[in-house]
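Accompanying notes for the structure given below.
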Amino acid sequence: MQDVFITGSGSYLPGRPVDNREMEARIGLISGHSRKLKTLALRQNGIKTRHYAIDAAGNYQITNAQMAANAVTAACDAARRDSRQLDYLSCATTQADQLVPGHASAVHGELGGSPMEISSHQSVCGSSMMAIKSAYLNIRAGEHRVAAACGSEFSSRWFQPGFYGEIDFSSMSPEEALQYEFLRWTLSDGAAALVMETAPDSSRTCLKIDWIEQKSFADRFPNCMFAGADSNDPEEAKPWAHFGSPQEAYRQGALLLRQDFVLLEQMFPVWMGYFLEVLDKRGLSPGDIRYFLPHYSARSLGERMKTLLTCSSAMIPEERWRNHQSEVGNVGSASIFLLIDKLIRDATVQSGDRILCFVPESGRCLASFMSLTVV
Numbered sequence: 000m001q002d003v004f005i006t007g008s009g010s011y012l013p014g015r016p017v018d019n020r021e022m023e024a025r026i027g028l029i030s031g032h033s034r035k036l037k038t039l040a041l042r043q044n045g046i047k048t049r050h051y052a053i054d055a056a057g058n059y060q061i062t063n064a065q066m067a068a069n070a071v072t073a074a075c076d077a078a079r080r081d082s083r084q085l086d087y088l089s090c091a092t093t094q095a096d097q098l099v100p101g102h103a104s105a106v107h108g109e110l111g112g113s114p115m116e117i118s119s120h121q122s123v124c125g126s127s128m129m130a131i132k133s134a135y136l137n138i139r140a141g142e143h144r145v146a147a148a149c150g151s152e153f154s155s156r157w158f159q160p161g162f163y164g165e166i167d168f169s170s171m172s173p174e175e176a177l178q179y180e181f182l183r184w185t186l187s188d189g190a191a192a193l194v195m196e197t198a199p200d201s202s203r204t205c206l207k208i209d210w211i212e213q214k215s216f217a218d219r220f221p222n223c224m225f226a227g228a229d230s231n232d233p234e235e236a237k238p239w240a241h242f243g244s245p246q247e248a249y250r251q252g253a254l255l256l257r258q259d260f261v262l263l264e265q266m267f268p269v270w271m272g273y274f275l276e277v278l279d280k281r282g283l284s285p286g287d288i289r290y291f292l293p294h295y296s297a298r299s300l301g302e303r304m305k306t307l308l309t310c311s312s313a314m315i316p317e318e319r320w321r322n323h324q325s326e327v328g329n330v331g332s333a334s335i336f337l338l339i340d341k342l343i344r345d346a347t348v349q350s351g352d353r354i355l356c357f358v359p360e361s362g363r364c365l366a367s368f369m370s371l372t373v374v
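The sequence shown: position 351 = 350 (numbering that gives the first Met the number 0), numbered continuously.
Below, the structure is given as structure tokens:
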């Protein structure tokens, strides 16, 4: 089995940063509750700026696949590789540009270059670590020598008012409308990528991948963050394609992205229990970790995470946490890639530093961890 090293990272964030005052010009208002719930969501998520691939006039500037390809190119440049040298490409996203074919095919098509093996990973935030682990295992097993993994999102296109035209918000309470509104004021667009190889480059900072752990708890939970069905009731939910036509699925609200906040709260103890399980399995203590890169969907949820870790005597010192969601927004599957890229570029990491990445996903409850060591 070969060791695996991250030799390059890259990001692509479309357009200039959009502040909270400009958000309405990009995604509009959908209900009489919108401005009130925007204020509530921004207070909870702590986001100050984010990036959108839709301009102020509503024009689509780029595709999801093109953003991913740009990020992969940037990561290859950082690794001093040409994309034609890639043997393997794994791509993560919440929703590709097209229903068929797979997202990785579209990204490879944008990259061009040469034939390679690919894999597509579709989930929510956790698809990022699925893609990373796929590339990691392929190199570790000796199947390939140079691989790239990327995560990309084009969330803002989900949030245009026309998607919500058949929903009667007038009869909803603010609490009911929040399941639609919160994600609109939280998710944003962008992409990032990592290049992995069998050996580090001694002339620059590289990261050895020590291990990756991932576990789904979908056996315990129905859908929490979901789109493509009219509800998340396991007994009654109807997939969008079962409505007879896309128009009928649209009329029934089956195409909308939403979040069940009651279920979300129930997932935190499960995630923290898995956190303790991983620490015990890998013989790690909080003091061993020099940098902690947690992805969370909102600042308030990060605070909840800190409370539970403190109560469990597993709190990593807060000064070791790194999260820049306030600057770039919640970019879903791209978020952990963005965090790693920023750490490599901005932090004074030193050889031997241990980095722990944590990606919980509320889609249907899963969590991922990755341990890295600076070399």
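Backbone N, C-alpha and C fix where the C-beta goes; we use that ideal spot for every residue, glycine too.
As the structure is a prediction and not an experimental result, all values here were calculated from the model.
task = Entirely within the region 295-336 and at least 4 residues each: give me those alpha helix (DSSP H) ranges in chain order.
result = 298-310 and 324-327
request  = State the beta-bridge partners of Tyr51 as determined by DSSP.
outcome  = DSSP output for Tyr51 lists no bridge partner at all.
task = Reducing DSSP to helix, strand and coil, say where Ser244 ends up.
result = coil
ask   = Rounded to a whole number of angstroms, what is the C-alpha to C-alpha distance between Arg15 and Asn231?
value = 36 angstroms
query = Are Asp81 and Cys90 closer than 8 angstroms when you measure CB to CB?
reply = no
inquiry  = By the three-class DSSP mapping on this structure, what secondary structure does Val358 have?
reply    = strand
ask   = Between Trp157 and the rest of its own chain, which residues show a CB-CB distance below 6 angstroms, the 5 nearest in sequence each way excluded?
value = Leu256
inquiry  = As a quick exercise: from Gln324, Asp352 and Ser350, pick the residue whose alpha carbon is nearest that of Lys341.
reply    = Gln324
ask   = Going by DSSP, what residues sit across from Ala366 in a beta bridge?
value = Lys214 and Pro359
request  = Please classify Ser187: does DSSP put it in a helix, a strand, or coil?
outcome  = coil
query = What span of residues does the alpha helix (DSSP H) with Thr38 cover, start to end?
reply = Ser33 to Asn44
query = Do you know offhand how far Arg34's Cα is from Gln178's?
reply = 15 angstroms
ask   = Can you find at least 3 beta carbon pairs, one from the region 0-11 and one from the region 181-194, that sit closer than 8 angstroms?
value = yes
message = Suppose contacts are defined by Cβ-Cβ distances below 8 angstroms. Is Cys149 in contact with Val358 by that definition?
response = no
ask   = In its own chain, which residues sit with a C-beta less than 6 angstroms from the C-beta of Trp210, not counting the 5 before and 5 after it?
value = Ser370
key: DSSP state of Ile288 mapped onto helix, strand, coil   = coil
request  = Within the same chain, show all residues whose beta-carbon is closer than 7 angstroms to that of Thr48, passing over the 5 residues directly before and after it, in chain order.
outcome  = Pro16, Val17, Asp18 and Glu326
task = Would you kindly work out how many angstroms separate the C-alpha atoms of Glu21 and Arg219, rounded to a whole number?
result = 40 angstroms
task = Might you give, ordered along the chain, the residues of its own chain that have their beta carbon closer than 8 angstroms to the beta carbon of Thr185, omitting 5 neighbours on each side?
result = Ala40, Asn44, Ile46, Ser296, Ala297, Gly328 and Asn329
inquiry  = So within the region 88-170, which uninterrupted beta strand (DSSP E) runs reach at least 3 residues, ignoring any that extend past its ends?
reply    = 116-121 and 145-153
query = Going by alpha carbons, who is nearest to Arg42 out of Val348, Phe181 and Gly111?
reply = Phe181
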